[in-house]
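Worksheet: one structure, shown below.
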Amino acid sequence: MTHPRNDLNELSGEQWLYFTKSLWTTAYPSELGHAARRAHGANKPPRLMARLIEFFTRGGQLVLDPFAGVGGTLLGAAISRTPRRALGFEIEPRWADVYAQVVHDALAERDGAGPVLADLGPADPGGVRTFDPSGCDLRVGDAMDLLVGLAPGSVDFVATDPPYNPQLPITMSGGPLAERHANRRTDYAMITDQPGDIANSAGYPEYLDRMAAVFAELRRVLRKGGYATVIVRDAYQDGRYRFTGADLAARAESVGLVPKGDLIWYQAGSRLRPYGYPRSFVPNIVHQHILV
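Reading the sequence shown from the start, the letters are residues 1089 to 1380 in the numbering used here.
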């Protein structure tokens, strides 16, 4: 039962408590077009996004994802109990096409009624999930250009998974070793040639500056009291560990967003690679930060 003074979400006290644990480990099944969505190396499980959406919104409210990729946030809104509206921006048309195809295929299931996602018990409390994407819209374009068109205070919640860092050449994958060792292979395929892609920043300082500009726009479009969650992974580049989560939190705070927490997410089964072996310590960064 939802507390009568709870105007944030529709959860019971038990569900609320479950959400606030700061360490999340997930092992969700492949569903909702995962085979197609996995072409984008950073696609997020729709159930993970639904978990965030269900805590920070109520049914019918508007969720924004300015870095929508293949639409994990929008799919999360569509399977939420109850469905939320969602607006996504994506700079790369091919990822928007993947999302559109996933929605088309999903709606064709059960003679047009859409899929019913299995009850996972404690792994996703609340029973089965149904699918209603009627309130979801993914638009192709540069997030900064599209954000300008949104009215101040028009968004209830932001859930996004931006580029984690400037993209560097891949050095641990491919070549003859990839034929023998799975941890030398990669399905990473997110790089675009578009200047507006923040992943194409010239360096880490420019990346942080551009993300700060995005955060300023998100603060403008968020309603008073609304939350934003940013999923990000730390990085190891040029022989140096980058605390990207902490750096982005500081940039968000600098434009007026208030840090509320850091949920650590580990997706079970993350592949380990022999970074640094056998001469130096280089961590396998398998956790991600969900900055609130």
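No residue lacks a Cβ here, since even glycine has one placed at the ideal position from N, Cα and C.
Query, Result
"Pairwise C-alpha distance: Leu1163 and Thr1248", "13 Å"
"Any 3 or more C-beta pairs closer than 8 Å across the region 1315-1328 and the region 1234-1251", "yes"
"Inter-residue spacing [alpha-carbon to alpha-carbon] between Ser1242 and Arg1126", "31 Å"
"Simplified DSSP assignment, three categories, for Leu1360", "coil"
"Arg1182 vs Gly1148 beta-carbon contact at 8 Å", "no"
"Euclidean distance between Cα positions of Tyr1363 and Pro1371", "7 Å"
"Beta-carbon contacts of Met1260 that lie in its chain and below 6 Å, excluding the five residues immediately before and after", "For Met1260, the predicted structure reports a pLDDT of 48, less than 50, and the residue's modelled location is therefore unreliable. A value from the coordinates is still provided. Here the set comprises Arg1361."
"Reduced DSSP category for Glu1142 - H, G, I as helix; E, B as strand; rest coil", "helix"
"Assigned secondary structure, Asp1350 (DSSP; H/G/I helix, E/B strand, else coil)", "strand"
"Pair within 8 Å by beta-carbon distance, Leu1175 and Leu1152", "yes"
"Buried versus exposed call for Lys1348 [16 or more other C-beta atoms within 10 Å across all chains shown]", "exposed"
"Residue nearest to Phe1389 in terms of C-alpha spacing, selected from Arg1328, Asp1335 and Ile1378", "Only positions 1089 to 1380 of the chain appear in this structure, which leaves residue 1389 out of reach."
"Nearest to Val1374 (by Cα), restricted to the options Gln1355, Arg1367, Pro1366 and Arg1139", "Gln1355"
"Any non-hydrogen atom of the ligand HEM closer than 7 Å to Leu1105 Cβ", "Within the structure as shown, the ligand HEM is missing, as the structure has no ligands at all."
"Assigned exposure category for Ala1287 - 16 Cβ within 10 Å defines buried", "buried"
"Cβ separation of Gly1200 and Phe1219, assumed to be a contact under 8 Å, to the nearest whole Å", "Wrong, their Cβ atoms sit about 11 Å apart, outside the cutoff."
"Alpha-carbon to alpha-carbon, Arg1359 and Ala1266", "Confidence at Ala1266 is low in this model, with a pLDDT of 47, below 50, so its placement is unreliable and the value that follows should be read with caution. Each residue's alpha carbon lies about 14 Å from the other."
"Every unbroken beta strand (DSSP E) within the region 1170-1244, with a cutoff of 3 residues, ordered by chain", "1173-1178 and 1224-1228"
"Outcome for Pro1283 when other beta-carbon atoms lying within 10 angstroms are tallied against a minimum of 16", "exposed"
"Three-state secondary structure assigned by DSSP to Gln1103", "helix"
"For Arg1330, the residue or residues it bridges with in DSSP", "Ala1323"
"Residues near Glu1119 by beta carbon distance below 7 Å, same chain, minus five either side", "Leu1205"
"At least three beta-carbon pairs within less than 8 Å, the region 1108-1118 to the region 1224-1238", "no"
"Chain-order list of residues whose beta-carbon lies under 6 Å from that of Lys1132 (same chain, five-residue window excluded)", "Gly1160 and Asp1249"
"Residues that Thr1113 bridges to, as DSSP identifies them", "Tyr1354"
"Cβ neighbours of Val1380 in the same chain (closer than 6 Å, five flanking residues each side left out)", "Thr1317, Lys1348 and Gly1349"
"Within 8 Å, strictly: CB atoms of Ala1340 and Phe1303", "yes"
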